[in-house]
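Peer 1: Let me give you the structure first, and then I'll get to my questions.
Protein chains: 2
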Amino acid sequence: MAGRPRQFDPDTAVEKYVELFWTNGFERTSVDDLQTAVGIKRGSFYAAFGDKNRACTLALDRYIGTNTAGILAVLEAAGNPVDGLCAFLRAAGRFMADNAGRGCLFFSLCSDVEGLPEEVARFLRQHEHDFFARVERRVRDAGKAGLLPEGQSSAAATSFVRAVLFGLNGMARVGALERSILQAAETAATAVHYWPQMARASSTRRGAALP
Amino acid sequence: MAGRPRQFDPDTAVEKYVELFWTNGFERTSVDDLQTAVGIKRGSFYAAFGDKNRACTLALDRYIGTNTAGILAVLEAAGNPVDGLCAFLRAAGRFMADNAGRGCLFFSLCSDVEGLPEEVARFLRQHEHDFFARVERRVRDAGKAGLLPEGQSSAAATSFVRAVLFGLNGMARVGALERSILQAAETAATAVHYWPQMARASSTRRGAALP
DNA sequence: CTAATAGTGGACCATATAGTCCATAATAGG
DNA sequence: CCTATTATGGACTATATGGTCCACTATTAG
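Listed in order, the protein sequences are those of chains H and E. Under the numbering used here, read the first sequence as residues 493 to 703, first letter to last. Under the numbering used here, read the second sequence as residues 493 to 703, first letter to last.
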């Protein structure tokens, strides 16, 4: 097969795209930005990547393969599921603190999924589902070991973890201090650690029962 | 003072702006949307509101005066600070669950503050600061009563609450189930309830100490 | 050397956007 | 009634955007 060889490396291009989408979000990253970051022109960009949505999806995929996968590895590394969850929350805190101002590309795009093109949105929803399925697996293990708050489903406990992760991301994005982010993660981890000692409902509770 | 009378009510216009910015965010709400929602033309819009940034700030101010203030009232209503914090978290959960897909206008804009025009960003930062100052006041009260996790600063505990709130918002925006959001809030509230019984560091901890 | 193939630059297009301008219309005070 | 004053419609501008097109160029297989 003949043809003129590409004059840029699509792989390192995607790396730059990760950076752009991460720092500026989907809408505020223009095709122009994508071109100039790689030093190519429109023709080359569209030939290589199809369109902005695909470029974003590729960037996301790359991002997940590096950063997100790394955090999930922490979740699954520890022998004890509760230790895994705690280490996971702390690692997430560390990560968010290290990315003050922008947080996590994956969670940030997820938080804005309603406003994204369907193609990107589908990709995100799929991966968000998979991500928390892995969290829930770990939480279920904790449940089998009797380490969840009394009477609480693993779905409920997973929801808490999900909220904390989205929350740490939000904090990073509002520009919270590194220390605040780490403290929040730490407090969440401590709570998880104490799950086995928590009863589900307290006498002062107001809300209705939640299975 | 003479002059042609306005043919629309700026107050109800702002109400519609709240709805628009809340549902679509800042960028995805165009000046055109703002016009047509009120049934006015460009001249009238700019004469009445100045520009898009001011319209957004007005909408935010209105939103805070109704929704945000309402939630803060829950925080401060209960006699016991811990009960206040728990009720506050549950109320936030309820609110987010009731606003699946869009969450809270205030927190959502905060989470995107880096990408907003400076005028709006300043307004947001100011109010975010005030908001959590009020939370922290309540947390400090809890601290005085010895109700924080052992050795944990009120700043740290406040950060946790902050993360949970941003997290509930994120969950609402990813389209989490109503039940998941409520469960997350409930689990967080339970954790707060158990603060007095938590020691700060556990033997299995890894992270460095955080004052 | 030649032809088929694939990449490149950059002009071009349609559309959307925030914001300006101004002639016209509707008031209230004199 | 007249005039100063304010609001209105809507044309207009400048700019940015995602995306298409195509003549041109650099390859390699034969």
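For each residue, glycine too, the CB sits at the ideal point set by N, CA and C. What you are looking at is a predicted structure, and each value in this text was computed from that prediction instead of being measured.
Using alpha carbons as the reference points, say which of 610/H, 560/H and 614/H lies closest to residue 584/H.
Peer 2: What you label residue 584/H is simply residue 92 of the first sequence in a count that begins at 1. That would be 560/H, whose Cα lies nearest to the Cα of residue 584/H.
Peer 1: Closest Cβ-Cβ distance between residue 661/H and chain E: below 8 Å?
Peer 2: Within the first sequence, numbered from 1, the residue matching residue 661/H stands at position 169. Chain E, which has a Cβ nearer than 8 Å to the Cβ of residue 661/H, makes this yes.
Peer 1: Would you mind listing the alpha helix (DSSP H) stretches within the region 597-625 of chain E that are 4+ residues and don't spill past its ends, in chain order?
Peer 2: Qualifying alpha helix (DSSP H) stretches, in chain order: 597-603.
Peer 1: CB-CB under 6 Å to residue 609/H, same chain, minus the five flanking residues each way: which ones, in chain order?
Peer 2: Within the first sequence, the letter at position 117 stands for residue 609/H. Once the five neighbours on either side are set aside, the close Cβ partners of residue 609/H are 545.
Peer 1: Would residue 547/H count as contacting chain E if we go by Cβ distances under 8 Å?
Peer 2: Counting from one through the first sequence, the residue named residue 547/H turns up at place 55. It does not: the Cβ of residue 547/H has no partner Cβ on chain E nearer than 8 Å.
Peer 1: Got a sec: is the Cβ-Cβ distance from residue 672/H to anything in chain E below 8 Å?
Peer 2: Residue 672/H sits at position 180 when you count from the first residue of the first sequence. Yes, because at least one Cβ of chain E sits closer than 8 Å to the Cβ of residue 672/H.
Peer 1: For the region 591-602 of chain H against the region 531-541 of chain H, do three or more pairs of beta-carbon atoms, one drawn from each stretch, fall closer than 8 Å, so that the two count as touching?
Peer 2: Touching, no, given that fewer than three Cβ pairs across the two stretches are closer than 8 Å.
Peer 1: Using a C-beta to C-beta distance shorter than 8 Å, which residues of chain E count as neighbours of residue 491/H?
Peer 2: The requested residue 491/H is not part of the displayed model; chain H covers only 493 to 703.
Peer 1: I think residue 577/H touches residue 634/H, with their Cβ atoms under 8 Å apart; what is that distance to the nearest whole Å?
Peer 2: Position 85 of the first sequence holds residue 577/H. Position 142 of the first sequence holds residue 634/H. Yes, residue 577/H and residue 634/H are in contact; Cβ-Cβ is about 7 Å, under 8 Å.
Peer 1: In chain H, which residues lie with their C-beta within 7 Å of the C-beta of residue 666/E?
Peer 2: Against the second sequence, residue 666/E aligns to sequence position 174. Here the neighbours are 602, 603, 605 and 620.
Peer 1: Step through the CB atoms of chain H and report whether any lies within less than 8 Å of the CB of residue 518/E.
Peer 2: Against the second sequence, residue 518/E aligns to sequence position 26. No, no contact with chain H.
Peer 1: Less than 8 Å between C-beta atoms, sequence neighbours within five positions excluded: which residues of the same chain meet that for residue 694/E?
Peer 2: Translated into positions along the second sequence, residue 694/E becomes position 202. The predicted model places residue 694/E with a pLDDT of 45, which falls under 50 and marks its position as unreliable; any figure quoted below should be read in that light. Excluding residues within five positions, none has a Cβ falling inside 8 Å.
Peer 1: Anyone know if the C-beta pair for residue 658/E and residue 658/H falls short of 8 Å?
Peer 2: Position 166 of the second sequence, counted from the first residue, corresponds to residue 658/E. Position 166 of the first sequence, counted from the first residue, corresponds to residue 658/H. Yes; because the gap between Cβ atoms is below 8 Å, this pair is in contact.
Peer 1: Can you pull the chain H residues whose beta carbon is under 7 Å from the beta carbon of residue 498/E, in chain order?
Peer 2: Reading the second sequence from its first residue, position 6 is the one you call residue 498/E. Those do not exist, as residue 498/E stays about 32 Å from chain H at its closest Cβ, beyond 7 Å.
Peer 1: Where does residue 587/E fall in DSSP's three states?
Peer 2: The residue given as residue 587/E occupies position 95 in the second sequence. Of the three classes helix, strand and coil, the one that applies to residue 587/E here is helix, per DSSP.
Peer 1: Measuring straight from C-alpha to C-alpha, what distance separates residue 687/H and residue 652/E?
Peer 2: Locating residue 687/H in the first sequence gives position 195, where the first residue counts as 1. Locating residue 652/E in the second sequence gives position 160, where the first residue counts as 1. Roughly 16 Å between the two C-alpha positions.
Peer 1: Any chance the region 639-656 of chain E sits against the region 670-687 of chain H, with 3 or more Cβ pairs inside 8 Å?
Peer 2: Judged by Cβ distances under 8 Å, the region 639-656 of chain E makes contact with the region 670-687 of chain H, as three or more pairs qualify.
Peer 1: Roughly how many angstroms lie between the CA atoms of residue 682/H and residue 619/H, to the nearest whole one?
Peer 2: Taking the first sequence and counting its residues from 1, the one referred to as residue 682/H is at position 190. Taking the first sequence and counting its residues from 1, the one referred to as residue 619/H is at position 127. Going by the C-alpha atoms only, they are around 27 Å apart.
Peer 1: Given a cut-off of 8 Å on the beta-carbon distance, is the pair residue 567/E and residue 627/E in contact?
Peer 2: Within the second sequence, residue 567/E is the residue found at index 75, counting from 1. Within the second sequence, residue 627/E is the residue found at index 135, counting from 1. A contact, by the Cβ cut-off of 8 Å.
Peer 1: Check whether chain E comes within 8 Å of residue 567/H, counting only Cβ atoms and requiring the distance to be less than that.
Peer 2: Numbered from its first residue, the first sequence carries residue 567/H at position 75. It does not: the Cβ of residue 567/H has no partner Cβ on chain E nearer than 8 Å.
Peer 1: So, is residue 662/H buried or exposed, given that buried needs 16 or more other C-beta atoms within 10 angstroms?
Peer 2: Here the question's residue 662/H lines up with position 170 in the first sequence. When all chains shown are included, residue 662/H counts as buried.
Peer 1: Give me the Cα-Cα distance between residue 562/E and residue 660/H, rounded to the nearest whole angstrom.
Peer 2: Looking up residue 562/E in the second sequence gives position 70. Looking up residue 660/H in the first sequence gives position 168. For residue 562/E and residue 660/H, the distance between alpha carbons rounds to 24 Å.
Peer 1: Short check: CB of residue 644/E to CB of residue 679/H, under 8 Å?
Peer 2: Counting from one through the second sequence, the residue named residue 644/E turns up at place 152. Counting from one through the first sequence, the residue named residue 679/H turns up at place 187. Yes, these two residues count as a Cβ contact at 8 Å.
Peer 1: Excluding the 5 residues preceding and the 5 following residue 601/E in the sequence, name in chain order all residues of the same chain whose CB lies nearer than 6 Å to its CB.
Peer 2: By 1-based counting over the second sequence, the position of residue 601/E is 109. Excluding sequence neighbours, residue 601/E sits near 616.
Peer 1: With H, G and I counted as helix, E and B as strand and the rest as coil, what does DSSP make of residue 642/H?
Peer 2: Start at 1 with the first residue of the first sequence, and residue 642/H comes out as number 150. Residue state, collapsed to three classes: coil.
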